[in-house]
Structures are given as structure tokens and as C-alpha cells.
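Following: one structure in C-alpha cells, then a few remarks.
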Amino acid sequence: MPNHNVVLTSVTGRIKLIPPHPSEDEAVAQLRTHPEFLRYLPIFPQSVSAEEMGQRREARSQNPSIRDFHIHVADYKGQWEFGGITGYFNLETVNKSCEIGVAVCPALYGTSIATDVLYTLLVHVFEEQRLHRATFQTAAANVAMRGWLDKVADAKLEGEKRECWRTDKETYCDVACYSILEWEWRDKVKGKLEHRLQI
């Protein structure tokens, strides 16, 4: 069972973030083994089963520092379909900080769904959970994600960690680290994302 019952609906009406459900373990397995997902996330195994994703989901639901969500996207008929995974983790209540991850299905690339997800999650993190700091990590070679963090999310590059992630092939890759602070969200980032989403 998930460790929360929070459902977040975006102001655009295009997405909902809902607690993970066993019925979508197969969809998560397909996403996490898609070549585009693995392209810049070599730390994940090349193949996983729905059963393994179920075990992972259950284990993470026991960790109070993790809040996972599944992304549901409204289609042209108004039906909700699985669109990816997101959430925040490494939650530190003393320092009021967390790390955020967003992974949308490759079929949704270029649709601004990731921006919609990020906006919805940041509203929750900063305005409802009252956290002060949200961080993001990605492979240093992931030019597309880094460009999105720089230009769309307006996150600040804090530095790179050398050979930080061990890959499935027993090599290592560098990691780029970004952050958004609460006052940056309030004073600049929120308005920039709203403009991009035409809210």
C-alpha cells in the first residue's frame, strides 16, 4: 500500500499525480526499460519485471522519506492514462529539503507534460509541505535534461559529482546537481512556469 493518499491535479487539467497502484507495475516496468529512459539513466538495469517493480513499490512505500506518484494524463476523450512516474524523496524535515524526480513516457516527450508535472509537484512541495529546498540530479551527459532544468525549470547548477553513479555495465558516470529554493520558486520560477504553461 502507498504511504500517502494524496492526489494532485494540475491547474491545466491535463494531469493528475496519484499514489502508485499495483495495476500499473507493468507500465512502470515498460517505462524503466525503454531505451530512451535508459539512455541517460545507465544506473538502472536493462530489464525488470512487473513483479520486481511491485516489490520496489512496496519497499518504497515503507520509507517515510519517499513520496511516489504515478502521472496520469487526460487523453482527447477525457480518459486518464498512465504517463510516467514522479515524486520526491530524501525528504529531510529538519532542513526542509527533498530531491525531485520526473520521468514521463517517451511518447509524451515534447508535449510540456514534464513541465506540468514539475509545476504541480513544486506547488505541493513549497506551498503545501512548506519545504525550503528542492534538488534534482541527472547524468552530466544528459544535455536535454540539463537544458530543461536550466531553461524551463530555472534551477541553479550547484556542481557536478565525479563518477558518482555506478552503471549497469560496472562503469561510472558524472552527475550534475541542481536546486530550487522556496524564495526562488515564489519570486521567479512559479511565474516563469505559469507563463510557459499559459496559465
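Going from the sequence shown to this note's numbering is simple: count from 1 and add 505.
Where a beta carbon is used, it is the ideal one built from N, C-alpha and C, also for glycine.
Keep in mind that this is a model prediction, so the values were computed, not measured.
- With a threshold of 16 other beta carbon atoms within 10 Å, K661 falls short and is exposed.
- Counted as a single uninterrupted DSSP element, the stretch harbouring L698 is not any beta strand (DSSP E) but the alpha helix (DSSP H) occupying residues K695 to L702.
- Cβ contact annotation for V512 (same chain, cutoff 8 angstroms, sequence separation greater than five): K521, L522, I523 and P524, in chain order.
- In summary, S602 is buried, with 16 or more beta-carbon neighbours lying within 10 Å of its beta-carbon over all protein chains present.
- Cβ atoms of T517 and D621 come within 8 angstroms of each other, at about 6 angstroms.
- With 16 or more other Cβ atoms from the protein chains shown falling within 10 Å of its own Cβ, D573 counts as buried.
- Within the model, the alpha-carbon separation for W670 versus K693 is close to 32 angstroms.
- Among the bridge pairs identified by DSSP, G606 is matched with G592.
- DSSP places A564 within a helical segment (H, G or I) once states are collapsed to three.
- The three-state reading of DSSP puts Y683 in strand, counting E and B together.
- Bridge pairing for F641: Y683 [DSSP].
- The beta carbons of T591 and G606 sit about 6 angstroms from each other, so the pair counts as a contact at 8 angstroms.
- Between L636 and A658 the beta-carbon gap is near 16 angstroms, outside 8 angstroms, which marks them as no contact.
- Beta-bridge partners assigned by DSSP to A579: W585.
- Distance check between T640 and each of Q567, T538, L596 and Q634 places L596 closest, using alpha-carbon atoms only.
- Shown here for L613: same chain residues with a beta carbon closer than 6 angstroms to its own, the five before and five after excluded, namely G588 in chain order.
- Listed in chain order, the non-local C-beta contacts of P611 below 6 angstroms within the same chain comprise H539 and E541, local neighbours out to five positions each way being set aside.
- Sequence-distant Cβ neighbours of R651 in its own chain, meaning closer than 7 angstroms and more than five residues away, are T643 and A681.
- Counting only the Cα atoms, N600 lies some 35 angstroms from Q551.
- Per DSSP, reduced to three states, the secondary structure at L613 is helical.
- Of the candidates K666, E687 and V578, E687 places its Cα closest to the Cα of H629.
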